[in-house]
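One structure is given here, and the rest of the page talks about it.
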Amino acid sequence: MARIVHMGKLGGYAALLDGTLLELDSRFLWPSASALTEALRRAGVTPSDMILDTRSPAGVRPAAAVSAPAAASHRPGGLPLAA
Numbered sequence: 366m367a368r369i370v371h372m373g374k375l376g377g378y379a380a381l382l383d384g385t386l387l388e389l390d391s392r393f394l395w396p397s398a399s400a401l402t403e404a405l406r407r408a409g410v411t412p413s414d415m416i417l418d419t420r421s422p423a424g425v426r427p428a429a430a431v432s433a434p435a436a437a438s439h440r441p442g443g444l445p446l447a448a
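Each residue of the sequence shown is one higher than the one before, counting from 366 in this note's numbering.
And the structure:
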């Protein structure tokens with residue numbers, strides 16, 4: 366089962382399988398959880414029902430709780446992405 370990760374600072378979604386970032390359809394980062402879930406299913410990989418949110422203090426949210434406005438909001442005190 367692949368974990369879906371919301372990459373908060375990058376603004377997209379990625380999948381991890383056994384701790385390894387998956388490349389699906391020549392992509393590592395997807396614009397939405399639903400697009401990533403469909404790509405996982407096409408590849409024959411079962412997606413997790415939970416999304417690990419890298420910007421959430423709790424760390425894990427149910428898949429339905431992550432929406433585009435919530436994913437795009439900035440956390441106060443967040444650090445800029447290093448170049």
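Even glycine gets a Cβ: it sits at the ideal position worked out from N, Cα and C.
- With contacts defined as CB atoms closer than 8 Å, L405 and H371 fail to qualify as a contacting pair.
- Bounds of any beta strand (DSSP E) do not take in S399; it lies within the alpha helix (DSSP H) bounded by 398-407.
- Less than 8 Å divides the Cβ of L387 from the Cβ of A367.
- Counting only the Cα atoms, L382 lies some 12 Å from G409.
- Judged by beta-carbon spacing, I369 lies beyond the 8 Å limit of S397, meaning their Cβ atoms are not closer than that value.
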